[in-house]
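Inspection log for the structure reproduced underneath, given as structure tokens.
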Amino acid sequence: MKIPFSYILKNFTARKLTALITVGGIALVVFVFAAVLMMAYGIQKTLVATGSETNVIVTRKSSSGEITSIIDRETANIILTLPELDRDAAGKLLVTTDGVAIINLYKKDGGMSNVAVRGVSPAVFELRTNVKLKEGRMFNWGSREIVVGSAITKRFEGAAIGSKLRFAGDEWVIVGMIESGGSGFDSELWCDIVQVQQAFNRTAFSTITFKIASPDAIESLKLKFEGDPRLNQFEPEIERRYFEKQSELMATFIRVLGIFITVIFSVGAIIGAMITMYAAVANRTTEIGTLRALGFQRGSILVAFLVEALLIAVCGGFVGIVFASVLQFFSLSTLNFTSFSELEFSFALSPTIIFSSLTFAVAMGFVGGFLPSWRASRLSIIGALRAA
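Okay, here's the thing in structure tokens:
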């Protein structure tokens with residue numbers, strides 16, 4: 552015979568205090584677990600949103616990011632003649648030759664951090680349509696003026712419109728603020744590429760980004776780069792895919808470190824669940840003997856107690872996820888491993904994270920509840936009834 556679920560639920564609600572303590576412990580661990588996954592996913596979303604499916608970015612193969620990529624002018628001129636580059640209605644190339652440099656700024660909450668300065672070409676806003684001017688005006692080409700990302704203005708000293716920043720031996724006037732819907736561009740300073748090259752004494756570019764008519768053309772473009780000895784040291788990639796790859800290292804590091812810490816915390820939650828279930832077995836020894844005398848099999852007893860442990864774990868899992876979901880309203884910044892500059896991102900929740908968190912909670916409930924459930928199922932009828 553199978554034990555009714557109503558019996559399991561009744562026993563679950565009978566020990567409110569111990570059940571709530573165990574639920575709270577599991578909820579705390581699930582909260583940390585979900586927060587780590589949300590942090591990694593938030594970084595990925597931020598960097599992926601930086602790119603576009605219709606843009607191609609060209610970098611040097613040996614580079615780990617834009618800051619370490621170098622494209623000389625001769626190579627840039629060859630790339631600009633490729634027929635795959637799209638043009639606007641006036642026949643103008645939709646391309647930006649970017650130069651990325653790193654400067655130091657003081658943060659409002661104390662300390663100093665790296666910030667990326669991106670020199671861009673005039674067609675940049677036709678390529679990166681997610682970047683909009685939020686306040687002020689755009690910088691004038693050929694001048695030492697800059698626009699700042701919304702995250703920079705919020706987190707760094709002296710980064711408001713009208714302020715002056717001193718770097719590369721000169722003063723740069725902030726004339727506007729840009730916003731890109733939460734992408735990595737919100738954490739950058741933008742200015743004229745020519746001015747960046749002159750200020751940092753450079754002649755080469757970091758990357759070349761251009762629009763192509765169809766994303767399917769990327770494979771033929773890659774073959775063309777591989778077959779041309781002048782271009783085979785460089786690699787074209789769909790811009791969104793490029794930034795997605797850039798996020799993988801950082802996201803993986805956060806997941807591995809965070810999950811390692813969470814697993815350590817989970818030991819406490821598992822022990823708590825185990826103690827709760829052992830206490831339940833001890834308090835219901837006579838009851839277990841009665842069930843066995845009525846004809847309920849050992850397997851039914853084991854399943855009943857195990858389901859009770861899993862019910863506690865699932866409740867804790869849902870509570871932890873609910874509290875973790877509140878983190879979506881918060882943002883924080885960290886050092887991007889690939890660009891060596893500050894990156895602001897928000898926590899992000901996904902169905903996969905919810906499923907993984909609940910699975911983790913169920914696993915804790917199973918590990919913590921199996922031994923007590925096994926103990927309950929192995930009690931002899933006579934021994935259990937004598938315990939009364």
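Numbers in our numbering are just positions in the sequence shown, counted from 1, shifted up by 551.
All C-beta atoms, glycine included, are put in the ideal place defined by N, C-alpha and C.
Short Cβ contact (9 Å threshold) for residue i with residue j
i    : j    : result
L598 : N887 : yes
I812 : V583 : yes
E893 : T885 : yes
K596 : A875 : no
K683 : I729 : yes
E895 : D660 : no
T605 : K762 : yes
L740 : R669 : yes
L633 : L772 : yes
V581 : F911 : yes
I608 : I759 : yes
L750 : F718 : One point to set straight first is that residue 750 is Ala, not Leu, in the sequence displayed. Yes, Cβ-Cβ distance for A750 and F718 is below 9 Å.
L878 : M589 : yes
V865 : G823 : no
A710 : L656 : yes
G868 : V814 : no
R781 : T626 : yes
T573 : A768 : no
Host alpha helix (DSSP H) of residue i (start-end)
i    : result
S701 : S701 to R706
E788 : No alpha helix (DSSP H) holds E788; the beta strand (DSSP E) holding it covers F785 to I789.
T610 : No alpha helix (DSSP H) holds T610; the beta strand (DSSP E) holding it covers N606 to R611.
E777 : I769 to G778
A750 : I744 to A750
V675 : V675 to L678
Beta strand (DSSP E) segment containing residue i, residue limits
i    : result
K685 : K683 to G687
R624 : First-last for R624: R624 to I630, but that is the alpha helix (DSSP H), not the beta strand (DSSP E).
K715 : K715 to F718
S664 : M663 to V671
V651 : V646 to Y657
G727 : D721 to E730
Exposure of residue i, with buried meaning 16 or more beta-carbon neighbours within 10 Å
i    : result
L631 : exposed
G576 : buried
F556 : Bear in mind that the predicted position of F556 carries a pLDDT of just 48, short of 50, making it unreliable; the figure below should be weighed with that in mind. So F556 ends up on the exposed side.
F804 : exposed
A935 : The predicted model places A935 with a pLDDT of 48, which falls under 50 and marks its position as unreliable; any figure quoted below should be read in that light. Buried is the call here.
E708 : exposed
M663 : exposed
M689 : exposed
S890 : buried
G778 : exposed
T680 : exposed
A570 : buried
I594 : buried
A764 : exposed
L909 : buried
E617 : buried
S924 : buried
A641 : exposed
S731 : buried
V587 : buried
Residues that DSSP places opposite residue i in a beta bridge
i    : result
Y592 : Partner(s): none; Y592 has no beta bridge.
K762 : N606
S882 : S897
E696 : V724
S892 : N887
E739 : A667
R638 : L644
F756 : I622
Residue i CB to nearest heavy atom of the ligand FMN below 8 Å
i    : result
V877 : Among the components modelled here there is no ligand, and therefore nothing to report on the ligand FMN.
- Query: Touching or not, the region 916-923 and the region 851-864, by the rule of three or more beta carbon pairs under 8 Å?
  - Reply: With a cut-off of 8 Å, the region 851-864 and the region 916-923 count as touching, because enough Cβ pairs lie within range.
- Message: Below 8 Å, how does it come out for the region 775-794 and the region 636-647: are there three or more Cβ pairs, yes or no?
- Response: No: fewer than three Cβ pairs fall under 8 Å.
- Query: Three or more beta-carbon pairs under 8 Å between the region 815-829 and the region 598-615, yes or no?
  - Reply: With the rule of 3 Cβ pairs closer than 8 Å, the region 815-829 does not count as touching the region 598-615.
- Query: Three or more C-beta pairs closer than 8 Å, one from the region 719-726 and one from the region 692-704: is that the case here?
  - Reply: Taking 8 Å as the limit for Cβ pairs, the verdict is that the region 692-704 does touch the region 719-726.
- Message: Closer than 8 Å is the cut-off here; do at least three beta carbon pairs connect the region 638-652 with the region 768-785?
- Response: Output reads no: the region 768-785 does not touch the region 638-652.
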